[in-house]
Every structure is written in C-alpha cells, then in structure tokens.
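Let me begin by presenting the structure, written as structure tokens, before commenting on it.
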Amino acid sequence: MSVFSRTLLVLGLLSLFHAAYSAHEFSAIATKLHVKPDLPMDIKLETLTAVVLACFGLVLGSEPLRPIAWNVWAGNIEKEGGAANPFRALEERSNYVDIRAKRREFAEWAKGGGGVVSSE
1 MSVFSRTLLV LGLLSLFHAA YSAHEFSAIA TKLHVKPDLP MDIKLETLTA
51 VVLACFGLVL GSEPLRPIAW NVWAGNIEKE GGAANPFRAL EERSNYVDIR
101 AKRREFAEWA KGGGGVVSSE
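Residue 16 in UniProt numbering sits at position 16 of the sequence shown, and the numbers go up by one each step.
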C-alpha cells in the first residue's frame, strides 16, 4: 500500500469512528430527553464520506487484478507451475475403481476362505 492509500484509509476509518461516536452521543442525549428524532444530516454525511474514503483507500492500496480471460489465466498458471494450479488434484487423481472387478475379486477371496490374495 502506498502512503496516499494508507492515509485515505486511516482518515476514513477515524472519521467513521467519529461518526459512530457522534451518533451514539446523539442517541444518548435524545433518550434522556425522551425524544426520538432522526440523526442530524452532518452525522449522516460524515458517515457516508468516511465510508467512501475508506473504500477508496482500500481500492487504491489493493494489488493489481488478475486477468479475466481464461486462456491468459490458464497460461499464467502453467508458467508458474504445479503449486498454484487449483485443478491439480483433479488432473492428478487416479482413475475410477472398477466395482465389478473388485466384487469378483472379493467373491473369489471369500470362496477361498479369506486368505491372502496373491498378486499375479
């Protein structure tokens, strides 16, 4: 994050905390007076400005976006290697198990008394 983006973020967060504190104080005073008016416009504007400043600081300080095009993204993943590939587990998985062959194998094993199966 650059100094400018950090400054905007800190300024926005401090202003947001101040707006929240002002809203709390206003509601406390209004409760003591048994009045329920809306928040003053300056507190609403301070809150909106603080949120916009904080969001702008976050956006300016974020890392560059990755490409959206699938072929560009896949090319970058292949250049980087295996650890960054999110589909590596799917590409390297073993083939499906042949259930019928396994059942036949088990039936033969069970008929033979359940001994050790030879690997022929």
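All residues carry an ideal CB built from backbone N, CA and C; glycine is no exception.
- Task: Write down the C-beta distance between ILE77 and ASN85 rounded to the nearest angstrom, noting that I regard them as a contact closer than 8 Å.
- Result: Working through the sequence shown from its first residue, we reach residue 77 at position 77. Working through the sequence shown from its first residue, we reach residue 85 at position 85. That belief holds up - the Cβ atoms of ILE77 and ASN85 are roughly 5 Å apart, short of 8 Å.
- Message: For LEU53 and GLU91, I'd like the C-alpha separation in whole angstroms.
- Response: Translated into positions along the sequence shown, residue 53 becomes position 53. Translated into positions along the sequence shown, residue 91 becomes position 91. Linking LEU53 to GLU91 through their CA atoms gives a straight-line distance of about 44 Å.
- Task: Would you tell me roughly how many angstroms separate the C-alpha atoms of GLY12 and PRO64, rounded to the nearest one?
- Result: Counted from its first residue, the sequence shown places residue 12 at position 12. Counted from its first residue, the sequence shown places residue 64 at position 64. GLY12 and PRO64: Cα-Cα distance of roughly 22 Å.
- Task: Using alpha carbons as the reference points, say which of SER62, LEU45, TRP109, ARG104 lies closest to SER5.
- Result: Locating residue 5 in the sequence shown gives position 5, counting from the first residue. Nearest of SER62, LEU45, TRP109, ARG104 to SER5, Cα basis: SER62.
- Query: On the three-state DSSP scale, how would you describe VAL59?
  - Reply: As a first step, residue 59 is located in the sequence shown; it is residue number 59 there, counting from the start. Assigned with DSSP and collapsed to three states, VAL59 falls in helix.
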